[in-house]
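K.L.:
Number of protein chains: 2
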Amino acid sequence: MAQVLPYSSVEFPAAALAAQSLVTATDSERLAQTFKAMADPTRVRILHALALAELPVCELARLVQISESAVSHQLGLLRALRVVRRRKIGRHVLYALDDDHIRDLIDVGLAHLAHS
Amino acid sequence: MAQVLPYSSVEFPAAALAAQSLVTATDSERLAQTFKAMADPTRVRILHALALAELPVCELARLVQISESAVSHQLGLLRALRVVRRRKIGRHVLYALDDDHIRDLIDVGLAHLAHS
DNA sequence: TCAACACCTGAACAACTGCTCATATATTAG
DNA sequence: CTAATATATGAGCAGTTGTTCAGGTGTTGA
Numbered sequence: 001m002a003q004v005l006p007y008s009s010v011e012f013p014a015a016a017l018a019a020q021s022l023v024t025a026t027d028s029e030r031l032a033q034t035f036k037a038m039a040d041p042t043r044v045r046i047l048h049a050l051a052l053a054e055l056p057v058c059e060l061a062r063l064v065q066i067s068e069s070a071v072s073h074q075l076g077l078l079r080a081l082r083v084v085r086r087r088k089i090g091r092h093v094l095y096a097l098d099d100d101h102i103r104d105l106i107d108v109g110l111a112h113l114a115h116s
Numbered sequence: 117m118a119q120v121l122p123y124s125s126v127e128f129p130a131a132a133l134a135a136q137s138l139v140t141a142t143d144s145e146r147l148a149q150t151f152k153a154m155a156d157p158t159r160v161r162i163l164h165a166l167a168l169a170e171l172p173v174c175e176l177a178r179l180v181q182i183s184e185s186a187v188s189h190q191l192g193l194l195r196a197l198r199v200v201r202r203r204k205i206g207r208h209v210l211y212a213l214d215d216d217h218i219r220d221l222i223d224v225g226l227a228h229l230a231h232s
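In order, the protein sequences belong to chains S and Z.
Residue numbers for the first sequence follow the numbering used here, beginning at 1 and rising by one.
Residue numbers for the second sequence follow the numbering used here, beginning at 117 and rising by one.
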């Protein structure tokens, strides 16, 4: 599905090579979706907090300094993306990372922030 | 700037610990911005192509199957984020990755897509 | 010289985002 | 039981995004 049509360029042969190994449409969609989960400061903070500990909505709201409603909406989104999971404990709902990729991406991102 | 106010939770001591090492507001902004560069399928494809070779706008447009104008707009955005750099050769403008973090993040992302 | 090519850019527009507010349910402390 | 707490969710809204379209500049091949 990546490149059904043969691709060639007289001037830029590198383009033909790139065409061979370019990500498929499906993979670019999936990659973009994963990155989108972290493409917002609020979600970065939520996800980073969850990378440190399993936490209920109210604590996340206090940590990230945002309304519980806003946090709940973001968590709903992240849950739809299968990035976080939840379990109910009494009147709390504890959220945790459900995707180790996220933890890795945050780590890589933070590592780079450190020396740049 | 991360947590100016002391933070504590009786019920969830883990939250207090998380507060200690939670990303600062500035870092979460910067992280989100980096991820935002890859939070769109078109940009993923552009960046992945540029991770393989330095390419002009017209070739990128053919590779990702999108209008030259759209590519140019996206490249302008990526350049503003200092993710790509450009150099002019004749009537072509060659773009290349200007941020190794991006290459790494794509690699991590692709690696995870592979086994999931 | 000049038409074709390569690229850029602003306007416009629909689609999407991230928040607040109001309101709902469920659980528990008193 | 009742009030307070914890969470969820839909509507609404301002701001952002990604594209197309129309036009612009600069370069080059014939």
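Note that CB positions come from ideal geometry on N, CA and C, so glycine has one too.
Values in this document were obtained by computation on a predicted structure and should not be read as measured data.
Name the chain Z residues whose beta carbon is nearer than 7 angstroms to that of Glu-143/S?
P.N.:
Lying outside 1 to 116, the shown extent of chain S, residue 143/S is not represented and no answer is given.
K.L.:
Using Cβ-Cβ distances below 9 angstroms, what residues of the stretch 59-71 of chain S are close to chain Z?
P.N.:
Listed by position, the residues of the stretch 59-71 of chain S near chain Z (Cβ gap below 9 angstroms) are Glu-59, Leu-60, Arg-62, Leu-63, Val-64 and Gln-65.
K.L.:
With burial defined as no fewer than 16 other Cβ atoms inside 10 Å of the residue's Cβ, what is the status of Asp-216/Z: buried or exposed?
P.N.:
Asp-216/Z should be labelled exposed.
K.L.:
Which complete beta strand (DSSP E) runs does the stretch 151-211 of chain Z hold, if anything under 3 residues is left out?
P.N.:
Entirely contained in the stretch 151-211 of chain Z, the beta strand (DSSP E) runs reaching 3 residues are, in chain order, 200-205.
K.L.:
Taking only beta-carbon atoms, is Lys-204/Z less than 8 angstroms away from chain S?
P.N.:
No - not a single Cβ of chain S is within 8 angstroms of the one on Lys-204/Z.
K.L.:
What in chain Z is Cβ-close to Arg-79/S, meaning under 8 angstroms?
P.N.:
Result: empty, since nearest Cβ-Cβ is about 17 angstroms, beyond 8 angstroms.
K.L.:
Between His-164/Z and chain S, is there a C-beta pair that is closer than 8 angstroms?
P.N.:
Answer yes: the Cβ-Cβ gap between His-164/Z and chain S drops below 8 angstroms somewhere.
K.L.:
What residues match up with Leu-97/S in a beta bridge as DSSP calls it?
P.N.:
Note: Leu-97/S sits in a beta bridge opposite Val-84/S.
K.L.:
Are Phe-12/S and Leu-213/Z closer than 8 angstroms when you measure CB to CB?
P.N.:
No, Cβ-Cβ distance for Phe-12/S and Leu-213/Z is not below 8 angstroms.
K.L.:
According to DSSP, is Ser-232/Z part of a helix, a strand, or is it coil?
P.N.:
Ser-232/Z: coil per DSSP, three-state reduction.
K.L.:
What's the gap between the Cα of Cys-174/Z and the Cα of Glu-184/Z?
P.N.:
If you take the alpha carbons of Cys-174/Z and Glu-184/Z, they lie about 6 angstroms apart.
K.L.:
Distance, Cα to Cα, Leu-113/S vs Ala-39/S?
P.N.:
Their Cα atoms are separated by approximately 15 angstroms.
K.L.:
Roughly how many angstroms separate the alpha carbons of Asp-220/Z and Val-108/S, rounded to a whole number?
P.N.:
Asp-220/Z and Val-108/S: Cα-Cα distance of roughly 8 angstroms.
K.L.:
Hey, is Leu-213/Z close to the ligand NAP, as in C-beta under 7 angstroms from one of its heavy atoms?
P.N.:
Annotation note on the ligand NAP: not contained in the displayed structure, which lists no ligands.
K.L.:
For Leu-221/Z, name the three-state secondary structure that DSSP assigns.
P.N.:
Three-state result, Leu-221/Z: helix.
K.L.:
Indicate whether at least one CB of chain Z lies closer than 8 angstroms to the CB of Ala-14/S.
P.N.:
So, interface residue.
K.L.:
Can you tell me whether Ala-227/Z is buried or exposed, with buried defined as 16 or more other CB within 10 angstroms of its CB?
P.N.:
With fewer than 16 other Cβ atoms within 10 Å, it is exposed.
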